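What follows is a single structure, written as structure tokens, with notes after it.
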Amino acid sequence: MLRKRIIFALIYSNGYFMQSRNFRLQRVGDISWLEKNYKFKEIAKFLDELIVVDATKEHKDKEQFHKVVSRLVEGVFIPVTAGGGIKSTLDAEALFNSGADKVTINTSIYYRRDVVKEIISKYGSQSVVASVDYKLIDDQIILYSRDGSNREEITLDDYINIVHDLGVGEVYFNSMNKDGTGFGYDVDIINAYSSKFTMPLIVAGGAGNEKHLHEAINIENVEAVATANLFNFVGNGLPNARKYLLDNNVNLARW
Amino acid sequence: MKIIIIDYGMGNIHSLNSALIESGCTNVKLSSDYKLIQTADKIILPGVGNFSKAMDLIKIRNLEESLYDFVVVKQKPILGICLGMQILGLSSTEDGKRDGLRFINGVVERFNSNGVKIPHVGYNQVQTNPQTVLLKSLPELSDFYFTHSYKMLSDEDINQSICHYSEDFIACYEKDNIAGTQFHPELSQKNGLTLLKNFIEKF
Chain A
73 MLRKRIIFAL
83 IYSNGYFMQS
93 RNFRLQRVGD
103 ISWLEKNYKF
113 KEIAKFLDEL
123 IVVDATKEHK
133 DKEQFHKVVS
143 RLVEGVFIPV
153 TAGGGIKSTL
163 DAEALFNSGA
173 DKVTINTSIY
183 YRRDVVKEII
193 SKYGSQSVVA
203 SVDYKLIDDQ
213 IILYSRDGSN
223 REEITLDDYI
233 NIVHDLGVGE
243 VYFNSMNKDG
253 TGFGYDVDII
263 NAYSSKFTMP
273 LIVAGGAGNE
283 KHLHEAINIE
293 NVEAVATANL
303 FNFVGNGLPN
313 ARKYLLDNNV
323 NLARW
Chain B
30 MKIIIIDYGM
40 GNIHSLNSAL
50 IESGCTNVKL
60 SSDYKLIQTA
70 DKIILPGVGN
80 FSKAMDLIKI
90 RNLEESLYDF
100 VVVKQKPILG
110 ICLGMQILGL
120 SSTEDGKRDG
130 LRFINGVVER
140 FNSNGVKIPH
150 VGYNQVQTNP
160 QTVLLKSLPE
170 LSDFYFTHSY
180 KMLSDEDINQ
190 SICHYSEDFI
200 ACYEKDNIAG
210 TQFHPELSQK
220 NGLTLLKNFI
230 EKF
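Now the structure itself:
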């Protein structure tokens with residue numbers, strides 16, 4: 073039986089890991105801080121996957137980020153997805169060479185579809201995760217690119233068709249309204265749209281505790297739940313959340 | 030124990046390298062050089078992506094002979110992972126029909142999408158074949174990480190262990206000195222490390 077997954081997403085900017093709230097970033101600590109306070113190799117044993125995104129607003133220092141990716145994957149035996157600012161196949165290649173198993177692509181899904189196609193043809197569908205940020209405005213789902221700063225005109229239905237046609241392997245569906253709030257996932261929207269995705273769906277935005285993870289992971293056609301909340305899941309937060317879900321018979325991998 | 034990971038530019042060898050070290054093999058090298066490959070005790074053929082492209086790269090880097098001499102002539106142990114497992118087989122229907130290395134009687138086809146999402150991504154339970162060396166000491170149902178759109182089938186007994194995703198397919202096989210896993214042991218937590226340890230020590 074295919075298992076559902078718990079994914080931790082790390083938001084990185086300019087050398088530091090960030091707590092994001094509605095896409096406003098607050099600096100938390102650098103990689104040494106993360107290793108010390110999160111004991112990442114230990115925590116990773118309770119995770120199914122890891123995502124790390126470079127959300128530096130201007131002038132991303134790619135080399136520095138590649139080093140962070142290499143250091144993160146060391147001794148972590150789960151898939152790692154990396155991304156942020158991928159504009160070319162070479163950008164993706166550099167992340168794969170740093171140890172990423174997949175890349176996540178957001179803005180280039182709107183503006184550089186030929187690049188996305190090229191990455192997929194070279195590395196396969198399973199190596200590309202399309203990340204889509206959305207906001208609910210007057211009950212309308214509005215998509216945003218460029219780290220949440222640029223409003224896009226296409227609808228979510230259009231977007232789903234586009235990523236389907238591109239052959240993208242998975243979608244990371246992220247609510248900007250819920251991001252970092254800890255109030256729970258955008259369950260109504262997820263329920264309304266999860267069955268439209270033809271590829272595995274990762275939902276993100278709003279998880280504050282294990283009950284939120286539980287609520288979203290049980291939605292049909294949701295394959296994975298992600299959280300980027302460094303504060304709410306610090307210390308034993310993730311091990312305890314996994315135990316809670318397993319105790320509640322959620323279909324997770326067991327080791 | 031010297032293990033060489035075959036370098037043909039397909040896939041992430043970072044995690045594989047550190048998983049092998051974690052599983053107790055201190056001498057791990059990456060190479061596409063004929064002479065060096067022949068000096069290995071065991072080799073690993075990794076790979077993600079497109080079947081035809083992988084076969085093209087195997088040919089461009091003159092790896093066919095290296096692999097044939099190591100695996101068929103010398104009968105030394107090889108482990109194929111994911112796409113590496115598939116190209117050890119007869120053929121694939123990815124991009125028309127393309128021959129593999131033909132060391133193993135298995136054919137590769139796209140998943141039927143009977144109501145399931147493709148690619149097949151995530152941890153799935155493998156019914157571990159008790160006759161196998163690689164899965165020794167793992168439970169009857171063991172979780173491993175899969176990520177693929179094509180699956181292998183075989184009409185021969187190649188000591189396969191089965192996984193199910195809308196249909197049964199080969200999760201791993203081992204026949205004589207040739208083994209392959211559709212899943213990624215290097216991304217499968219403790220279960221994957223146990224399998225790699227078995228490959229290093231017992232296969």
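As they're listed, the protein sequences go chains A and B.
Reading the first sequence from the start, the letters are residues 73 to 327 in my numbering.
Reading the second sequence from the start, the letters are residues 30 to 232 in my numbering.
Note that beta-carbon positions come from the ideal geometry of N, C-alpha and C, so glycine has one too.
The structure presented is a predicted model; accordingly, all values stated were derived computationally and were not measured.
Apart from the five residues on each side of it in sequence, which residues of its chain come closer than 8 Å, Cβ to Cβ, to Gly280(A)? Thr253, Gly254, Phe255, Gly256, Asn301, Asn304
Figure out for me which residue from Ile110(B), Leu222(B), Ile35(B) has the closest Cα to the Cα of Gln67(B). Ile35(B)
Which residue from Leu108(B), Asp186(B), His193(B) puts its Cα closest to that of Asn134(B)? Asp186(B)
Starting from Gln67(B), trace the alpha helix (DSSP H) in both directions and tell me its first and last residue. 63–67
DSSP state of Leu162(A) mapped onto helix, strand, coil: helix
For Gly277(A), is the classification buried or exposed, using 16 other Cβ atoms within 10 angstroms of its Cβ as the cut-off for buried? buried
Output needed in chain order: residues of the region 209–228 of chain B with a Cβ under 8 Å from some Cβ in chain A. His213, Glu215, Leu216, Ser217, Gln218, Lys219, Asn220, Gly221, Leu222
Using a Cβ distance threshold of 8 Å, determine whether the region 67–83 of chain B contacts the region 191–200 of chain A, with at least three qualifying pairs required. yes
Could you spell out where the beta strand (DSSP E) holding Glu287(A) opens and where it closes? Careful: Glu287(A) lies outside any beta strand (DSSP E), inside the alpha helix (DSSP H) at 282–289.
If you measure from the beta carbon of Arg75(A) to each beta carbon in chain B, is any gap under 8 Å? yes
In terms of DSSP beta bridges, what is Val103(A) paired with? According to the sequence shown, residue 103(A) is Ile rather than Val. Bridge partners of Ile103(A): none, in fact.
In or out: Asp205(A) buried (at least 16 other Cβ within 10 Å) or exposed? buried
Enumerate in chain order the residues of its own chain whose CB-to-CB distance from Ser85(A) is below 6 Å, with the five nearest sequence positions on each side excluded. Leu97, Ala127, Thr128
Okay, do the region 223–234 of chain A and the region 110–124 of chain B touch, 3+ Cβ pairs below 8 Å being the bar? no
If you check the beta carbons only, do Ile229(B) and Met30(B) fall under 8 Å apart? yes
Once the 5 residues before and after Leu273(A) are set aside, which same chain residues still bring their CB inside 8 Å of it? Glu242, Val243, Phe245, Ser266, Asn293, Val294, Glu295, Ala296
For Gly151(B), three-class secondary structure by DSSP: strand
Please report whether the beta-carbon of Gln154(B) lies at a distance below 8 Å from any beta-carbon of chain A. yes
Smallest Cα separation from Met248(A): which of Leu215(A), Glu224(A), Ala81(A), Ala166(A)? Leu215(A)
Give the interface partners of Val57(B) over in chain A, defined as CB-CB distance under 9 Å, in chain order. Within chain A, no residue comes near Val57(B); the closest Cβ sits about 14 Å away, beyond 9 Å.
What's the C-alpha gap between Ala116(A) and Gly156(A)? 22 Å
Can you tell me where the beta strand (DSSP E) holding Ile34(B) begins and where it ends? 31–35
Can you tell me whether DSSP reads Phe173(B) as helix, strand or coil? strand
Rounded to whole angstroms, what is the Cα-Cα separation between Leu208(A) and Phe95(A)? 14 Å
Along chain B, which residues have their Cβ under 9 Å away from the Cβ of Thr270(A)? Ser142, Lys146, Ile147
Local Cβ density within 10 Å of Ala325(A), reported as buried at 16 or more and exposed below that: buried
8 Å CB neighbourhood of Asp124(B) in its chain, flanking five on each side removed: Asn79, Phe80, Ser81
Against chain B, does Arg326(A) count as a neighbour if the rule is that its beta carbon must be under 8 Å from one of theirs? yes
If you measure beta-carbon to beta-carbon, which residues of the region 170–183 of chain B are closer than 7 Å to chain A? Asp172, Tyr174, Thr176, His177, Ser178
With hydrogens ignored, establish whether the beta-carbon of Thr128(A) is closer than 7 Å to any heavy atom of the ligand ZN. The ligand ZN is not part of this structure, which contains no ligands at all.
Rounding to the nearest angstrom, what Cα-Cα distance links Phe198(B) and His138(A) in this structure? 36 Å
Where the beta strand (DSSP E) through Ala48(B) begins and ends: Counting along the chain, Ala48(B) falls outside any beta strand (DSSP E), though it belongs to the alpha helix (DSSP H) covering 43–51.
Residues in its own chain within less than 8 Å of Asn290(A) by CB, not counting five upstream and five downstream? Val322
Determine which residues share a DSSP beta bridge with His138(A) and list them. In the DSSP output, where bridge partners are listed per residue, His138(A) has none listed.
CA-CA distance, Glu190(A) and Gln160(B)? 42 Å
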